[in-house]
Amino acid sequence: MKKGRFRLTKIFSIYLPLIIFLLFLLFPFYWTFVTSIKPERELYNSTITYWPNNISFESYKRLFTSFNFLKPMTNSLLVATSTTIISLTVSLLAAYAFSRYKFKGKKYLMGIFLTNNMFPRVLLLIPLYAIMRNIGILYTPFALMLSYTTFTIPFSIWLLSGYLRDLPISLEEAAMIDGATRAQAFVKIVLPVLAPCIVATGAYVFMTSWNEYVFAVMFTNEASRTIPVALKNLIGQLGVEWGMLTAGGIITIIPVCIMFFFAQKRLTEGLTAGAVKG
Amino acid sequence: MQRKKIDLSPYLLISPALIIFLAVVFLPALNAILMSFQSYDLRRPSKIGFIGLDNYIAIFNDPLFWQSLWKTFLWVIFGVGFQFILGFVLALILNKKFFGRGAVRSVSLIPWVTPGVLIGLMWRWIYDGNYGVLNDIFLKFGIIQEKIPFLAQQTTAFPSVVVTIIWQGIPFFALMILAGLQGIPTELYDAADVDGANGFQKLFRITIPMLKNTIYVSTLLRIIWVANSVDVIFNMTAGGPAYSTQTLSVYVFNKGNALNLGYASTMSIMLTLILLAVAILYLKNIFSSEEE
Amino acid sequence: MKKITLIFCVVFAVTLFMSSTGFSQNEPVTITHWYWADNPEYSATMQEIVKEFNATNDKNITVVAEEYPWDGGAYSETLFRVVMGGGGPDTSSFKLTSTPLFTANNLLANLDSFIENWEDKDEIEESLYDTMRLASGTDNIYLMPWNTQVLYVYYRPSMFDETGVSVPQTYSEFLEACEKLTRDTDGDGSIDVYGFGMRGSTGGHEPWGSFIWARGGNFSDFTTEEVVAGMQDFIDLFENGHAPPTATMDGFQEIIANFKSGKTAMTIHHIGSSPGMIETFGDDVNAFPFPKGVDQWTSMGDTENVMLESCGNKDAAFEWLAYLATGKGQEKWCTVTGNVPVSKTVQQLPVFQNNRFMKVSIEAAPSAGIFPVLDSTTEWISTIWPNTIAAALLGKTTASEAMQQLQKGLYVE
Chain A
11 MKKGRFRLTK IFSIYLPLII FLLFLLFPFY WTFVTSIKPE RELYNSTITY WPNNISFESY
71 KRLFTSFNFL KPMTNSLLVA TSTTIISLTV SLLAAYAFSR YKFKGKKYLM GIFLTNNMFP
131 RVLLLIPLYA IMRNIGILYT PFALMLSYTT FTIPFSIWLL SGYLRDLPIS LEEAAMIDGA
191 TRAQAFVKIV LPVLAPCIVA TGAYVFMTSW NEYVFAVMFT NEASRTIPVA LKNLIGQLGV
251 EWGMLTAGGI ITIIPVCIMF FFAQKRLTEG LTAGAVKG
Chain B
221 MQRKKIDLSP YLLISPALII FLAVVFLPAL NAILMSFQSY DLRRPSKIGF IGLDNYIAIF
281 NDPLFWQSLW KTFLWVIFGV GFQFILGFVL ALILNKKFFG RGAVRSVSLI PWVTPGVLIG
341 LMWRWIYDGN YGVLNDIFLK FGIIQEKIPF LAQQTTAFPS VVVTIIWQGI PFFALMILAG
401 LQGIPTELYD AADVDGANGF QKLFRITIPM LKNTIYVSTL LRIIWVANSV DVIFNMTAGG
461 PAYSTQTLSV YVFNKGNALN LGYASTMSIM LTLILLAVAI LYLKNIFSSE EE
Chain C
228 MKKITLIFCV VFAVTLFMSS TGFSQNEPVT ITHWYWADNP EYSATMQEIV KEFNATNDKN
288 ITVVAEEYPW DGGAYSETLF RVVMGGGGPD TSSFKLTSTP LFTANNLLAN LDSFIENWED
348 KDEIEESLYD TMRLASGTDN IYLMPWNTQV LYVYYRPSMF DETGVSVPQT YSEFLEACEK
408 LTRDTDGDGS IDVYGFGMRG STGGHEPWGS FIWARGGNFS DFTTEEVVAG MQDFIDLFEN
468 GHAPPTATMD GFQEIIANFK SGKTAMTIHH IGSSPGMIET FGDDVNAFPF PKGVDQWTSM
528 GDTENVMLES CGNKDAAFEW LAYLATGKGQ EKWCTVTGNV PVSKTVQQLP VFQNNRFMKV
588 SIEAAPSAGI FPVLDSTTEW ISTIWPNTIA AALLGKTTAS EAMQQLQKGL YVE
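Below, the structure is given as structure tokens:
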């Protein structure tokens, strides 16, 4: 009896809203997929088919044979991963300082970091290009890493310091009273508890650099090109290559989802792991 | 003992971030501020020169500027507002235990993972007045009798792009809040259960207060991000029809692409100032809690 | 062992001979070329042309062609920013409308002396050179013609037969045809076929221009009665439902899709879309030049190639540009893309002579022209025109108010 009621509330509190959410979030993705396997003729039909009458995986094949999509994928992966690692390391240090120390100029420094994200990139393009060229990293992955980190670091600092502020400070204090240094307390106590937040912030940084177009089109050439630029090449004056474009979209989404599937385990392990050690 | 000397360690910890920031964007940003006081139109390089506040005066007299500012306001209020509410609800659900949670969590991120180039195009395709699937669904359910050209009318274009940005931003909030939820000690909920608190009481008495900073920071960052976002609108409508979806950042982007950098800079400085005002309200809250 | 020595000697001797007779006298030169591709086939064609040029040119030139996104025309801005930042390619594909921006900043190399000494100079019609001069606003040529497209009206002969419409000879017949072709074919009370596939989004100014001229207007002053009358015709087509209700946001993609799916009976575009049309309809598609009213005008689309001023080896770069304009590169590119060649010899090839759309293009060519190329033109095309026209179509402003805005937007003091 009690179990039955429990199940019913679970349906109404979890499964039903979840289904609505997933319908909204995933339908465009489904539609992208359907488009990628529809022949072009079926796309512009007056009766809309929710599952293609003729399925064709031709676009996927062409994407990797004639279009060489693997190259931009590896480039994007390289840029996004390195940007994530650099940003997280640098921002963790700064966020720790901002949330655990009191010092002069703190508000202003945080403010400066914030304004950085307010400024439209379209105005920075020419000077940034000149800088990249002068230090000789243009058309290498470093150009993108450097420009992305300037935008992701301030964001990450803010996010991480927000999380740090919400974390009870008592855990570290207890460790420091027990004789641990600040660094030890940070690594042993704070870091494990912060793991979910680091994963979340890392995901943000990764997505930002994975999807960026405006800088990428200027700072890369054929060899260092990333996914968004490669995809944009499929939209010409004479229309959109629907098949390959949507296939490309699907192909880029899948590995990131798989990566996150493994990373998200951290999202629940954080506190339990920390609490046991504490 | 307390104030023996200045502790340098916070400065050291911040320095790598500051160096990257100063080395790359500081000078270009400063340059952009200078451009706002100049007639800086690269289409007319011979006329580049300081003109004082002329750009600012021109902006105040530009009806499109005010219209775009209003659109930006609506864009942020509705965009971020719904992203936050829906993202929060999703995070609460994803935090519960149920079958297939890991998979659901990662597929919920899909809108965020989708390349921006594709988002605008796909949604445009969904909204299409002739072959769009949304019209088809609405017709099938009898919600509408005639196909609606969603992006081609002034009345429907703006709500349509707002729905897209909501869609895109839900995963961000869901993830950020989900991460924050992990930091709340479960003992608090256990204690509340003993006291017989119901779900809503727990939400407003424990969850939200405990996430205060996370909520503050993530909404603030999202407001800034959404106010500045260009790609969704640009790929869907480019600001049209009849400027009905042109937010200030799209206007800046259009002017920037037209290479009238002086005018574009002036507008973006106005936008930055407005965002800064919003940020200061937020910051007061954050820093005031720290003084305790 | 002896054999190897022998081979070695022969190779050595040949090398010596070749270098002494000047075969590889030219220092190896690398030219970086930027282009955009409208579809993957074009992209592959460009790479083939480059390969062929590299293999066949006798001056030791290696062209490296890099593809950049067209990005709805932002290609030009990307190129501009990169060159302003001190980098960029040696040569690039180019659009006429961007000329003032580049020349005002002295970024393009003057081609006058190169063209003067060029043996194939007369392969290209003098009027095309004049257009290039006009675009720069000087007596100098900065752009090397590459290919052109003339806009004309595509129509569906079967739909004309069903409604008893014959190919319009005058502007008023054209407007009548738009009305007659708008039909409810299945009798469910809603319109299924629209007479005219109107382009209200970016790029729509080109077909729109024909309406303006047909009423006797022109682009030097948008506020005249004639221009307003042309605009009113345009609005009426939309308001009376002879064009799809999505027209305010319809761009290239949409007008072509609507035509191909049978949603519209006529639409305006150039030969570039004809291969796709033939694939869809076979013989049930044809074209006619936009008919004459008081006056006749159609838009000449264009693609050129330019040499950047920063190019280190201009002679080699010109070899490449010439190859694209009149050499094998011209023939190959135009054959694949179906664009109108600029080289007279290539125009005479049977592939071009036997194509019905090419015939219409050539028929329409005398009335083809361009919009004024001013430094404000690109912004006018990409934002001012579509938004102003949309406001007028949606009844937010009147035709004459809209024309005043267009005037102000293009002719900035």
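Chains as they are written, first to last, in this note's numbering: chain A, 11 to 288; chain B, 221 to 512; chain C, 228 to 640. We treat Cβ as the ideally placed atom computed from N, Cα and C, and that holds for glycine.
Proximity winner among the options, relative to residue i (alpha-carbon distances)
i: Thr384(B); options: Val452(B), Leu254(B), Phe308(B); result: Val452(B)
i: Thr324(C); options: Asn532(C), Glu590(C), Gln634(C), Ser340(C); result: Asn532(C)
i: Lys267(B); options: Ala497(B), Gly482(B), Ile489(B), Val498(B); result: Gly482(B)
i: Leu174(A); options: Arg110(A), Ala184(A), Leu35(A); result: Arg110(A)
i: Ile404(B); options: Asn433(B), Ala323(B), Gly272(B); result: Asn433(B)
i: Ser488(B); options: Val224(A), Ile147(A), Asn126(A); result: Asn126(A)
i: Trp445(B); options: Pro238(A), Gly246(A), Thr218(A), Ala240(A); result: Thr218(A)
i: Gln575(C); options: Val563(C), Thr564(C), Glu558(C); result: Glu558(C)
i: Ser526(C); options: Glu546(C), Glu506(C), His497(C), Asn540(C); result: His497(C)
Chain B contact for residue i (CB, 8 Å cutoff)
i: Ala226(A); result: no
i: Gly259(A); result: yes
i: Phe129(A); result: yes
i: Glu640(C); result: no
i: Lys198(A); result: no
i: Ser157(A); result: yes
Cutoff 8 Å: residue i Cβ touching any chain A Cβ
i: Met221(B); result: Its pLDDT being 41, under 50, Met221(B) is placed unreliably by the model, and nothing is read from it.
i: Arg263(B); result: no
i: Gly509(C); result: no
i: Glu512(B); result: Any reading at Glu512(B) needs caution, since the residue's pLDDT is 39, under 50, leaving its predicted position unreliable; the model's value is listed next. No, Glu512(B) lies away from the interface with chain A (no Cβ there is under 8 Å from its Cβ).
i: Leu341(B); result: yes
i: Met311(C); result: yes
i: Thr397(C); result: no
Three-state class that DSSP yields for residue i in the structure shown
i: Thr230(A); result: coil
i: Phe250(C); result: Reliability of the predicted coordinates at Phe250(C) is poor, the pLDDT of 46 falling under 50, and no value is obtained from them.
i: Ala367(B); result: The sequence given here has Lys at residue 367(B), not Ala. Looking at Lys367(B) - three-state DSSP - the assignment turns out to be coil, as it is neither helix nor strand.
i: His432(C); result: helix
i: Ile368(C); result: coil
i: Thr282(A); result: Note that Thr282(A) scores 43 on pLDDT, short of 50, meaning its location in the model is unreliable; the coordinates nonetheless yield the value given after this. Of the three classes helix, strand and coil, the one that applies to Thr282(A) here is helix, per DSSP.
i: Gln421(B); result: helix
i: Met476(C); result: helix
i: Ile145(A); result: coil
i: Thr434(B); result: helix
i: Lys198(A); result: helix
i: Asp261(B); result: strand
i: Phe515(C); result: strand
i: Ala484(B); result: helix
i: Leu479(B); result: coil
Interface flag, residue i vs chain C, CB-CB below 8 Å
i: Phe77(A); result: yes
i: Leu479(B); result: yes
i: Tyr70(A); result: no
i: Gly253(A); result: no
i: Leu148(A); result: yes
Classification of residue i by the beta-carbon crowding that lies within 10 angstroms, buried from 16 upward
i: Asp477(C); result: buried
i: Asn243(A); result: buried
i: Leu341(B); result: buried
i: Val381(B); result: buried
i: Thr236(A); result: buried
i: Leu119(A); result: buried
i: Phe77(A); result: buried
i: Gly249(C); result: Because Gly249(C) carries a pLDDT of 44, less than 50, the predicted location of this residue cannot be relied on, and the following value inherits that uncertainty. Looking at its Cβ environment, which holds fewer than 16 other Cβ atoms inside 10 Å, Gly249(C) is exposed.
One or two residues paired with residue i in a DSSP bridge
i: Ser319(C); result: Trp261(C), Val533(C)
i: Ile288(C); result: Val256(C)
i: Glu352(C); result: Answer by DSSP bridge pairing: none, since Glu352(C) is not bridged.
i: Asn374(C); result: Thr530(C), Pro568(C)
i: Arg235(A); result: None, per the DSSP bridge assignment.
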